[in-house]
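The block underneath contains the structure these notes are about, expressed in structure tokens.
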Amino acid sequence: MLELRGVAGGYGGPQVLRGVTLRVAAGEFVALIGPNGAGKSTVLKAVAGVLPRVEGEIALEGRPVQGLSPRALLALGVVYLPQGRNVFPSLTVLEHLELMRDLAPHALSPEAVLERFPALRPLLGRRAGLLSGGQQQLLCLARAALASPRLLLVDEPSLGLAPRVVEDVFAALADLRGRGVSILLVEQNARRALAAADRAYVLELGRTRLEGRGRELLEDPRVAQLYLGAPVSASAP
Amino acid sequence: MIALQILVYGLVTGANYALVAVGYTLVYGILKFINFTHGDVAMVGSFLALTAIGAMGLGLPAAVGVAVVGCAILGMAIERVAYRPLRRAGRLTPLLTAIGVSLLLENLVQLVFGAAIRTFSPPPYLAGTVVVAGAYVTGVQIAIFAATAVAVAVLAWLIGRTALGRQIRATADNFDLAVAMGVPTDRAILAVFALGSALAGLAGVLFGMETTVTPTMGISLGISAFAAVVLGGIGSVPGAVVGALVLGVAENVGAWFLGGSWSDGIGVLVLALTLLVRPEGLLGRRDPGAVKL
Amino acid sequence: MRGAKGIAASAAALGVFLAATAGAGAAAGKTPYVVGFINHLTGPAAVYGQSMMKGTELAVAQINARGGIDGHPLKVIYKDDQLNPSLAVSAFNTLVGVDHVPVVMGSGSSTVTLALVPLATRTHTVLISSISTSPLLAGSSPWFFGVMADDNAQGAEWVKVAKALHVTRAAVMYINNDYGVGVMKVFDKDFAAAGGKVLVNQSFPQGGTDFRTDILKVEASGAKTVFIVGHVQEAGTLLAQAGQMGFHPQWVGDTALNAPQFVQLAGAEANGMILLSAGNHFTAAYRRFSAAFTARFHEAPTIWSDFAYDTTNLVARAIARGGYDAAGIRAALAATRGYVGASGVKTFQRDGFTAGNFDWYRVRNGQIVFWHAG
Chain A
181 MLELRGVAGG YGGPQVLRGV TLRVAAGEFV ALIGPNGAGK STVLKAVAGV LPRVEGEIAL
241 EGRPVQGLSP RALLALGVVY LPQGRNVFPS LTVLEHLELM RDLAPHALSP EAVLERFPAL
301 RPLLGRRAGL LSGGQQQLLC LARAALASPR LLLVDEPSLG LAPRVVEDVF AALADLRGRG
361 VSILLVEQNA RRALAAADRA YVLELGRTRL EGRGRELLED PRVAQLYLGA PVSASAP
Chain B
16 MIALQILVYG LVTGANYALV AVGYTLVYGI LKFINFTHGD VAMVGSFLAL TAIGAMGLGL
76 PAAVGVAVVG CAILGMAIER VAYRPLRRAG RLTPLLTAIG VSLLLENLVQ LVFGAAIRTF
136 SPPPYLAGTV VVAGAYVTGV QIAIFAATAV AVAVLAWLIG RTALGRQIRA TADNFDLAVA
196 MGVPTDRAIL AVFALGSALA GLAGVLFGME TTVTPTMGIS LGISAFAAVV LGGIGSVPGA
256 VVGALVLGVA ENVGAWFLGG SWSDGIGVLV LALTLLVRPE GLLGRRDPGA VKL
Chain C
118 MRGAKGIAAS AAALGVFLAA TAGAGAAAGK TPYVVGFINH LTGPAAVYGQ SMMKGTELAV
178 AQINARGGID GHPLKVIYKD DQLNPSLAVS AFNTLVGVDH VPVVMGSGSS TVTLALVPLA
238 TRTHTVLISS ISTSPLLAGS SPWFFGVMAD DNAQGAEWVK VAKALHVTRA AVMYINNDYG
298 VGVMKVFDKD FAAAGGKVLV NQSFPQGGTD FRTDILKVEA SGAKTVFIVG HVQEAGTLLA
358 QAGQMGFHPQ WVGDTALNAP QFVQLAGAEA NGMILLSAGN HFTAAYRRFS AAFTARFHEA
418 PTIWSDFAYD TTNLVARAIA RGGYDAAGIR AALAATRGYV GASGVKTFQR DGFTAGNFDW
478 YRVRNGQIVF WHAG
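Protein chains in written order, with the numbering used here: chain A, 181 to 417; chain B, 16 to 308; chain C, 118 to 491.
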């Protein structure tokens, strides 16, 4: 589905990415973990078409896509959820869904999405700025689901959320994966990400260092050293 | 009945300001800068209508059409040529560019039409006067109220209920997110300029029928409308309308008690007092930026 | 064809050459005498400045065709102040500091001219205005001259009009600048002294476009006669709006409104209005000026063109008598007695203004027609 080979790039200053190589197969859930400042979010921006400078190869189903705008990528089925509260405060919940419906070529109806996100139904008329953090993140995922994407790029969806809400978010991601959506997830909460993902990459100083199945990496002492920084087995879920 | 008459005059003044003010507030909402060419776009609307009626022999409705479409195109051209290249250049640069474009428009119009003061008479079907509860209201004034109400209602529907409106509000709320989501932000911004400028063109025609048409009329019209925007709460469309009506009435009340030369001063005073009590304006929010409806 | 064209071009070039050398014989033999001109050439009051520029251009053309001033051609540097005092000040500084002119003709509006008076005093430059009439200018500087009689004379003239109309109660509407306030104050004082009562003094803003509430206030005062002083644009719009509102008093205007543009703006409401005109326009001197103006510009002169024409001629005459330096020009101007100009007979008083007389006009069927020599 998605393949990055030797990707470098940044914001105009020093390079943030210095050699990122990774692959997401069709229907696969891949996590990208690493210490703060490793460049995880920058990788997603490079794929999503919002990073000012990108070198190297980014291919979507074998087709080069670097330099495409987010709008062109959306037409190819790529949906990007940036980090933070990604809602428009003055638009209502329903308007967020309608906004995506008007933009994505293979969009579902808001009704079909609401059946999968019943928690949003009573909030349809509420402005997104008035929702809780968890509700906002659910809205983002519902909006992404409405686009019926083929590849979803998610940046730190659990940031600042209560543990119970984090589980809701990961349940929604698992549900999307179950419907055949390929997912590339960037997550600070590495344990939770590795537990959910099929495969994962560890990023350090702008380079992909390690690759492996989620559970394997979780128990890899090099990962513990590089990133988790503590004995792994005791605290793994 | 004099109080009612002053109210009518104030509302007519305010309705005209409102049509111009809405354009300021829309552009501010989406780009966070004051488009100071806006009053001059209204001036161009006056001259387009003047040409349509005088040189082309069209009726008033067709002349309004010429002014509205012409100004929409002009507004989009200004955005595309003067502002879009500067979108990442901070706030001061487009402001200076706006002043330059203003001077350009004023001097171009003066070059083509000369500096003479012009008027255009209302058509016969608007020449009459009706008496409402002792206050005189002319046909032109009724047309101004009706046109303003319809234009603001259409705008409210466009912004509040259509796909384009959602995209405009999304772009105004969070530009970077809108880009990342694939919202056609350039088109949304162009649409805002087209809508605001079309209303300014309409205002130019209506204002021209009530008063006079000169190449420099856009300056004072623009300043009054801008004051109305700040009074109502910048970025808020209903705020711009309410602010314009309040300002229009305040100016005319001031003219009655202190003389017409004080009306601008009264406007500023009302503005200053309002901002002391409510810094965000009458209908504004404390987090300016969003286009609200 | 080619040959014929070449011959024609040569002949044309020869013609131009001959014309140029003929001109040189008339007024190009010596260095030009350069003087300055500042007025509202663009902006809301451009109608005044443009017509004054034409009056000056005509005078300059005639003077140079006669051989200039003692063989020196007269040259005028034109500057635009857009009715903005700060632009006028910078134009004045350029004319005096860079071009070293001993005399500046300008500006139109008293408000702008007042800003130039201190500069004229400080730099010892003659400042001569064609149509500024604010009483504040009277005696403001030994270097100031005003070719149109000041507003003191005009306010008193309004009282004469009131007497002729047997009016004892009237309202005043005045534009809120030095000019409007000046006329209003003089009229109020003289009218009261003559036993009249001013019902209301209502100001209206310069640059304003909506005067309905001001008109309403005057109408509510019960005034049947309204004296109005203002500029063409504002006052014309004001009368048109009064007409729309059904308020039809006897209007009496000032000299600034004696212009076809005003009547055109005011529409039917102007009919019957009485207007003043500074100077005398039914003289042989005026007819000669008017014919030359029309021949040159293919349009009739405005009531300011003749004053600018006279100003230019008075300056040229003063240079001829006093020499091309500011002190000489000042002395020669101050000594002017009984000069017969296009706009009337000019005698400068001690305060710098000419002693003036007025004609009264009346608007009939959209035309401003001579009514009465005041």
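The beta carbon of each residue, even a glycine, is placed where N, CA and C say it ideally should be.
Nearest-angstrom Cα distance between B/Arg103 and A/Gly264?
Here residue 103 of chain B corresponds to residue number 88 of the second sequence, with the count starting at 1. Here residue 264 of chain A corresponds to residue number 84 of the first sequence, with the count starting at 1. Computed Cα separation, rounded: 22 angstroms.
Pull up the distance between the alpha-carbon of C/Glu501 and that of B/Leu179, whole angstroms please.
Outside the shown range of chain C (118 to 491) lies residue 501 of chain C, about which nothing can therefore be said.
So is B/Gly16 buried or exposed if we call it buried at 16+ other beta carbons inside 10 Å?
Translated into positions along the second sequence, residue 16 of chain B becomes position 1. For the record, residue 16 of chain B in the displayed sequence is Met; it is not Gly. Exposed, because fewer than 16 other Cβ atoms sit within 10 Å of the Cβ of B/Met16.
Using the DSSP secondary-structure output, state which residues sit across from C/Val220 in a beta bridge.
Locating residue 220 of chain C in the third sequence gives position 103, where the first residue counts as 1. The partner list for C/Val220 (beta bridge, DSSP) reads C/Val243.
Spatial neighbours of C/Ala126 within its chain, please: CB distance less than 6 angstroms, with the 5 preceding and 5 following residues excluded, ordered by chain position.
Position 9 of the third sequence, counted from the start, is the residue given in the question as residue 126 of chain C. The predicted position of C/Ala126 is uncertain, since its pLDDT is 44 and thus under 50; no value can be drawn from it.
Can you tell me whether C/Asp442 is buried or exposed? The criterion is at least 16 other CB atoms within 10 Å of its CB, across all chains shown.
Taking the first residue of the third sequence as 1, we reach residue 442 of chain C at position 325. Exposed, since its Cβ has fewer than 16 Cβ neighbours within 10 Å.
Measure the alpha-carbon distance for B/Leu311 versus B/Pro230 and round it to whole angstroms.
Summary: the structure shown does not reach residue 311 of chain B, with chain B confined to residues 16 through 308, and so no result is reported for it.
Determine whether the Cβ of B/Ala130 lies closer than 9 angstroms to any Cβ atom of chain C.
Counted from its first residue, the second sequence places residue 130 of chain B at position 115. Closer than 9 angstroms: yes.
Name the chain A residues that come within less than 9 angstroms of B/Leu192, Cβ to Cβ?
By 1-based counting over the second sequence, the position of residue 192 of chain B is 177. Near B/Leu192 (Cβ distances below 9 angstroms), the residues of chain A are Pro262, Gly264, Asn266, Val267 and Phe268.
By DSSP, does B/Pro139 sit in helix, in strand, or in coil?
Locating residue 139 of chain B in the second sequence gives position 124, where the first residue counts as 1. Correct three-state label for B/Pro139: helix.
Let's see if you can read the secondary structure: which residues bound the beta strand (DSSP E) around A/Arg393?
Within the first sequence, the letter at position 213 stands for residue 393 of chain A. Looking at the DSSP string, the run of the beta strand (DSSP E) that includes A/Arg393 is Arg387 to Arg393.
I need the straight-line Cα distance from B/Gly60 to B/Ala82, nearest angstrom please.
Within the second sequence, the letter at position 45 stands for residue 60 of chain B. Within the second sequence, the letter at position 67 stands for residue 82 of chain B. If you take the alpha carbons of B/Gly60 and B/Ala82, they lie about 5 angstroms apart.
Classify A/Gly427 as helix, strand or coil using the three-state DSSP reduction.
Coverage of chain A is limited to positions 181 through 417, which leaves residue 427 of chain A absent and any answer about it impossible.
Would you call C/Gly146 buried or exposed, if buried means 16 or more other Cβ atoms sit within 10 Å of its Cβ?
Taking the first residue of the third sequence as 1, we reach residue 146 of chain C at position 29. Looking at its Cβ environment, which holds fewer than 16 other Cβ atoms inside 10 Å, C/Gly146 is exposed.
With a cut-off of 9 angstroms, does the C-beta of C/Ile292 fall near any C-beta of chain B?
Locating residue 292 of chain C in the third sequence gives position 175, counting from the first residue. It does; some Cβ of chain B falls within 9 angstroms.
How close, in whole Å, do the beta carbons of B/Val257 and B/Leu298 come, if the pair is a contact with beta carbons under 8 angstroms?
Residue mapping note: residue 257 of chain B aligns to position 242 of the second sequence, counting from 1. Residue mapping note: residue 298 of chain B aligns to position 283 of the second sequence, counting from 1. About 6 angstroms; that satisfies the 8 angstroms criterion.
Whole angstroms are fine: how far does the CA of C/Val289 sit from the CA of C/Gly214?
In the third sequence, residue 214 of chain C corresponds to position 97, counting from 1. In the third sequence, residue 289 of chain C corresponds to position 172, counting from 1. Approximately 43 angstroms, taken between the alpha carbons.
What span of residues does the alpha helix (DSSP H) with C/Asn269 cover, start to end?
Counting from one through the third sequence, the residue named residue 269 of chain C turns up at place 152. C/Asn269 -> alpha helix (DSSP H) spans Asp268 to Ala281.
Would you mind reading off the limits of the alpha helix (DSSP H) that contains A/Tyr191?
In the first sequence, residue 191 of chain A corresponds to position 11, counting from 1. Neither: A/Tyr191 is in no alpha helix (DSSP H) and is coded neither H nor E.
Using a 10 Å radius around the Cβ and a threshold of 16 neighbouring Cβ atoms, would you call C/Phe487 buried or exposed?
Taking the third sequence and counting its residues from 1, the one referred to as residue 487 of chain C is at position 370. Exposed: under 16 other Cβ atoms inside 10 Å.
Under 9 angstroms, Cβ to Cβ, is there at least one residue of chain C near B/Tyr312?
The question about residue 312 of chain B has no answer, for chain B in this structure spans 16 to 308.
For a quick check, are the C-beta atoms of A/Leu184 and A/Val227 less than 9 angstroms apart?
In the first sequence, the residue the question calls residue 184 of chain A occupies position 4. In the first sequence, the residue the question calls residue 227 of chain A occupies position 47. Yes. Within cutoff.
At a CB distance below 7 angstroms, what residues from the region 254-275 of chain B approach chain C? Give them in sequence order.
So the close ones are Asn267, Ala270, Trp271, Gly274 and Gly275.
Report yes if the CB atom of B/Tyr39 is closer than 9 angstroms to the CB atom of B/Val244, and no otherwise.
Within the second sequence, numbered from 1, the residue matching residue 39 of chain B stands at position 24. Within the second sequence, numbered from 1, the residue matching residue 244 of chain B stands at position 229. Closer than 9 angstroms, so yes.
At the level of alpha carbons, what is the spacing between B/Phe222 and B/Leu170?
As a working note, residue 222 of chain B is residue 207 in the second sequence. As a working note, residue 170 of chain B is residue 155 in the second sequence. Approximately 20 angstroms between the Cα atoms of the pair.
State the Cα-Cα distance for the pair A/Ser249 and B/Leu41, rounded to the nearest angstrom.
Working through the first sequence from its first residue, we reach residue 249 of chain A at position 69. Working through the second sequence from its first residue, we reach residue 41 of chain B at position 26. Taking the straight line joining both Cα atoms gives about 26 angstroms.
List, in order along the chain, the chain A residues whose C-beta lies closer than 9 angstroms to that of B/Pro9?
Lying outside 16 to 308, the shown extent of chain B, residue 9 of chain B is not represented and no answer is given.
Using C-beta distances below 8 angstroms, list every residue in its chain close to A/Leu458, excluding the 5 sequence neighbours before and after it, in chain order.
Within the shown structure, residues of chain A are numbered from 181 to 417, placing residue 458 of chain A beyond reach of any answer.
Between which residues of its own chain and C/Gly360 is the CB-CB distance below 7 angstroms, once the five residues before and five after are set aside?
Counted from its first residue, the third sequence places residue 360 of chain C at position 243. Answer for C/Gly360: Gly384, Ala385 and Glu386, listed in chain order.
Is the shortest distance between the beta-carbon of A/Ala228 and the beta-carbons of chain B less than 9 angstroms?
For the purposes of this step, residue 228 of chain A is taken as residue 48 along the first sequence, with counting starting at 1. Chain B contact via Cβ: present.
Output needed in chain order: residues of the region 320-339 of chain C with a Cβ under 8 angstroms from some Cβ in chain B.
Within the region 320-339 of chain C, the residues whose Cβ lies closer than 8 angstroms to some Cβ of chain B are Ser320, Phe321, Pro322, Gln323, Gly324, Gly325, Thr326, Asp327, Phe328, Arg329, Thr330, Asp331, Leu333, Lys334 and Ala337, listed in chain order.
Determine which residues of the region 26-58 of chain B have a Cβ less than 8 angstroms from any Cβ of chain A, and write them out in chain order.
The region 26-58 of chain B vs chain A, Cβ under 8 angstroms: nothing.
Got a sec: is the Cβ-Cβ distance from B/Trp277 to anything in chain C below 9 angstroms?
For the purposes of this step, residue 277 of chain B is taken as residue 262 along the second sequence, with counting starting at 1. So yes, B/Trp277 belongs to the interface.
Just to confirm, are C/Phe344 and C/Phe406 a CB contact at a threshold of 9 angstroms?
The residue labelled residue 344 of chain C in the question sits at position 227 within the third sequence. The residue labelled residue 406 of chain C in the question sits at position 289 within the third sequence. No; because the gap between Cβ atoms is not below 9 angstroms, this pair is not in contact.
Check the Cβ-Cβ distances between A/Glu291 and every residue of chain B, and say whether any is below 9 angstroms.
Sequence index remark: in the first sequence, residue 291 of chain A carries index 111 (1-based). False, the Cβ-Cβ gap to chain B never drops below 9 angstroms.
Using a Cβ-Cβ distance cut-off of 9 angstroms, determine whether B/Asn189 contacts chain C.
Here residue 189 of chain B is taken as the residue at index 174 of the second sequence, counted from 1. Not one chain C Cβ lies under 9 angstroms of B/Asn189.
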